[in-house]
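Engineer: So the sequence shown is numbered by the numbering used here: it starts at 1 and just counts up by one.
Note that beta-carbon positions come from the ideal geometry of N, C-alpha and C, so glycine has one too.
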Amino acid sequence: MTTSTIAPTGSTLAAAAADLAERSGEWLPRVRLSPEGRWYERLHRDGDREIWLISWLPGQSTGLHDHGGSRGAFAVALGALEEADLSAVRTVTAGGTRAFGADYVHEVRNVSSAPAVSVHVYSPPLAFMNRYDLVDGRPVRRITEEAGQW
1 MTTSTIAPTG
11 STLAAAAADL
21 AERSGEWLPR
31 VRLSPEGRWY
41 ERLHRDGDRE
51 IWLISWLPGQ
61 STGLHDHGGS
71 RGAFAVALGA
81 LEEADLSAVR
91 TVTAGGTRAF
101 GADYVHEVRN
111 VSSAPAVSVH
121 VYSPPLAFMN
131 RYDLVDGRPV
141 RRITEEAGQW
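(1) Any contact of the region 30 to 49 with the region 93 to 104, i.e. 3+ C-beta pairs under 8 Å?
(2) What are the boundary residues of the beta strand (DSSP E) that includes LEU78?
(3) Pair every Cβ in the region 101 to 108 with every Cβ in the region 58 to 77, then say whether three or more of these pairs are closer than 8 Å.
(4) What does the alpha-carbon distance come out to for the pair MET1 and PRO115?
(5) Could you tell me which residues DSSP pairs with ASN110 in its beta bridges?
(6) Tell me which same chain residues have a C-beta within less than 8 Å of the C-beta of LEU13, skipping the five on either side of it?
(7) Please check the pair ARG30 and GLU41, which I expect to be a contact at CB under 8 Å, by giving their CB distance rounded to whole angstroms.
(8) Along the alpha helix (DSSP H) that carries LEU20, what are the first and last residues, could you check?
(9) Should ASP66 be labelled buried (16 or more other beta-carbon atoms within 10 Å of its own) or exposed?
(10) Please classify ALA16 as buried or exposed, where buried requires at least 16 other C-beta atoms within 10 Å of its C-beta.
(11) Find the nearest neighbour of GLU36 within the set LEU28, GLU26, ILE51 and SER55, judged by alpha-carbon distance.
(12) Please return the same chain residues whose Cβ sits closer than 7 Å to the Cβ of TYR132, not counting the five positions on each side in sequence.
(13) Can you give me the C-alpha to C-alpha distance between GLU145 and GLY68, rounded to a whole angstrom?
(14) Excluding the five sequence neighbours on either side, which residues of its own chain have a C-beta within less than 6 Å of the C-beta of LEU57, listed in chain order?
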């Protein structure tokens with residue numbers, strides 16, 4: 001991957017996530033399933049973007065969070081995930097993608113009875129993430145995690 005001087009759009013990030021999700025030979029041997037929590041590994045990072053591989057057992061969730069000002073997208077490679085923002089809940093199945101802007105707050109979770117694997121692309125690379133609680137239907141920031149804490 002090369003560094004670009006033009007910031008990637010949501011559709012560009014979603015296309016990159018979908019492309020890698022389809023190439024399971026590049027990531028399948030790296031997948032780990034952990035009952036302790038979601039397993040994740042950074043696959044790529046440059047000045048423009050970073051790519052993460054995440055595996056999910058049934059019941060595992062990100063909790064409500066943002067991406068610290070980074071735009072992003074994810075593609076479900078195997079299984080299905082549920083994504084909820086402050087206004088809607090969507091099921092994303094294998095081959096499906098979701099893109100989001102820099103101010104997006106959401107939660108992703110595996111509500112199915114089978115494991116799932118997803119590919120996530122962020123631009124610029126994640127520097128921090130805010131985690132939220134819902135209070136009276138509104139997100140209230142409870143903690144900021146710096147890169148390196150996850």
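Structural biologist: Inspection of the coordinates gives the following:
(1) No, the region 30 to 49 does not touch the region 93 to 104.
(2) For LEU78, the enclosing beta strand (DSSP E) has its first and last residue at 71 to 78.
(3) A contact exists between the region 101 to 108 and the region 58 to 77.
(4) Low confidence applies here, because MET1 scores a pLDDT of 48, under 50, leaving its location unreliable; read the following figure in that light. The alpha-carbon separation between MET1 and PRO115 amounts to approximately 29 Å.
(5) Bridge partners of ASN110: none, in fact.
(6) If we look at LEU13 and ignore the five residues flanking it on each side, its Cβ neighbours are ARG49, ARG71, GLY72, ALA73, ALA99, VAL121, TYR122 and SER123.
(7) A Cβ-Cβ separation of about 6 Å places ARG30 in contact with GLU41 under the 8 Å criterion.
(8) Run containing LEU20: 10 to 22, per the alpha helix (DSSP H) assignment.
(9) ASP66 should be labelled buried.
(10) Around the beta carbon of ALA16, 16 or more other beta carbons sit within 10 angstroms, so the residue counts as buried.
(11) Cα-wise, what sits closest to GLU36 is SER55.
(12) Excluding residues up to 5 positions away in sequence, LEU64, HIS65, VAL105, PRO139, VAL140, ARG141 and ARG142 lie with their Cβ nearer than 7 Å to the Cβ of TYR132 in the same chain.
(13) Roughly 9 Å separates the two Cα atoms.
(14) So the qualifying residues of the chain are LEU33 and PRO115.
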